[in-house]
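Heads up: the sequence shown at position 102 corresponds to 163 in the working numbering, and the numbers run straight through without jumps. Think of the CB as a built atom: it goes at the ideal place given N, C-alpha and C, for glycine as much as any other residue. Here's the structure we're looking at; comments come further down.
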Amino acid sequence: MGAFIYGVILQWKLDLRNKGILVTYYLVPLLFFLFIGTIFTSINPLAKDTLIQSMTIFAITMGAFLGTPIPLVELYSGDIKKSYKVGGIPIWVGVVNNYISAFVHLMITSLIIFLVAPLVFDARLPDKPLPYFGYLSIFLITCISIGVVLGLYVKSISKLTMFSQMLFLPSMMLSGIMFPTDMLPKVLENVGFLLPATWGLRILTSSEPKILWFLPLLLFFLVAIILGACKLSRIAMD
C-alpha cells in the first residue's frame, strides 16, 4: 500500500512538471473562467446562477479529454512500459496512478472555481454544496475514464490532440455551457445527449436531479472501463 501511495504522489508531482498537463488542468480552464465569466455576467446577469456549474463542466471536460491522456500516451506508446514489466509492476498501475492524480488536479480546479466565482462575479452557490460535490465527483470520474481510454488507444500526442478535440469541442458547443441547447437545431440538440457534459450540466444545475440523468454517465463509465481493460490486457501480452 505504501508503494502504491508513493506512486500516486509521484505521478501527481510529475503532472505538475508537465507543461501540457498544467495548461489543460489549470491555466486555460481558469483563464477561460475569468474571461468568459466577465463576459457572461456583463451580458446576462442571470448567468450568475449557473456560472459555477458551467465553468466547472468546461474545466473538467478540457482537463479529462486533453490532459489526462497525455501521460498514458507517453507511458504505453514508448519504452517506459518495459520498465514496468522488468520491475514486476502490474501494467494497470500506471493507469490507476494517472487516474487518481487527474481526479485530484481537476477537483482542485473545480474547488477554485467554486470559491472564486462568488467573490469575483457574485455567482450563486449551489443550493446543496455537499450533494453538489458528490454529483461533481461522479461526472469527474466518468470524464477521466473517457480520457484514460483515449490515452490507451491513441499512440501519439499529435493524433491525441485531434481525437481529444473531436470530443471536447462538441462538448463545449452542444452541452449548454455556452448557450441554451434549445437554441440549437433539433439534430444537434440530440447529438448533445451523447456527451457526458450535457448530463453533467443538467445534474449540477438541478437541486433535485433525477436518477435517470445518471444512467448515461454510468453507461459512459462502464463502456470506458471495458475498453480500457481490453486494451490493458493486450498491452500486458505484448
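Checklist entry - Taking the alpha carbon of Pro231 as the point to measure from, which residue in Thr99, Met123 and Gly128 has its own alpha carbon closest? => result Translated into the one-based positions of the sequence shown, residue 231 becomes position 170. When only C-alpha atoms are compared, the closest one is Met123.
Item to check | Per-residue DSSP class, three states only, for Ile152 | outcome: If you number the sequence shown from 1, residue 152 lands on position 91. Coil.
Checklist entry - Along the chain, where does the alpha helix (DSSP H) that runs through Asn251 open and close? => result For the purposes of this step, residue 251 is identified with residue 190 of the sequence shown, where counting begins at 1. First-last of the alpha helix (DSSP H) with Asn251: Lys247 to Gly253.
Checklist entry - Does the Cβ-Cβ distance between Met116 and Ala178 come in under 9 Å? => result Position 55 of the sequence shown, counted from the first residue, corresponds to residue 116. Position 117 of the sequence shown, counted from the first residue, corresponds to residue 178. Yes, these two residues count as a Cβ contact at 9 Å.
Checklist entry - Using 8 Å as the Cβ pair cut-off and three pairs as the minimum, do the stretch 244-254 and the stretch 164-171 touch? => result no
Checklist entry - Considering only the beta carbon of each residue, do Arg185 and Thr99 sit closer than 9 Å? => result Sequence index remark: in the sequence shown, residue 185 carries index 124 (1-based). Sequence index remark: in the sequence shown, residue 99 carries index 38 (1-based). Result no, Cβ atoms of Arg185 and Thr99 do not sit closer than 9 Å.
Next on the checklist: So, with DSSP's three-state summary, where would you put Phe240?
Outcome noted: Your numbering for residue 240 matches position 179 in the sequence shown. Here Phe240 sits in coil by DSSP.
Next on the checklist: Do Leu255 and Pro130 count as a contact pair if the criterion is CB distance below 9 Å?
Outcome noted: If you number the sequence shown from 1, residue 130 lands on position 69. If you number the sequence shown from 1, residue 255 lands on position 194. No, the Cβ-Cβ distance between Pro130 and Leu255 is not below 9 Å.
Next on the checklist: Taking 6 Å as the limit between beta carbons, can you name the residues of its chain near Thr203, skipping five residues before and five after?
Outcome noted: Locating residue 203 in the sequence shown gives position 142, counting from the first residue. Contacts found: Pro257, Leu278, Phe281 and Phe282.
Item to check | Contact the stretch 219-228 vs the stretch 286-299: 3+ CB pairs below 8 Å | outcome: no
Checklist entry - Do Ala108 and Leu201 have their CB atoms nearer than 9 Å? => result Reading the sequence shown from its first residue, position 47 is the one you call residue 108. Reading the sequence shown from its first residue, position 140 is the one you call residue 201. For Ala108 and Leu201, no; Cβs fall outside 9 Å.
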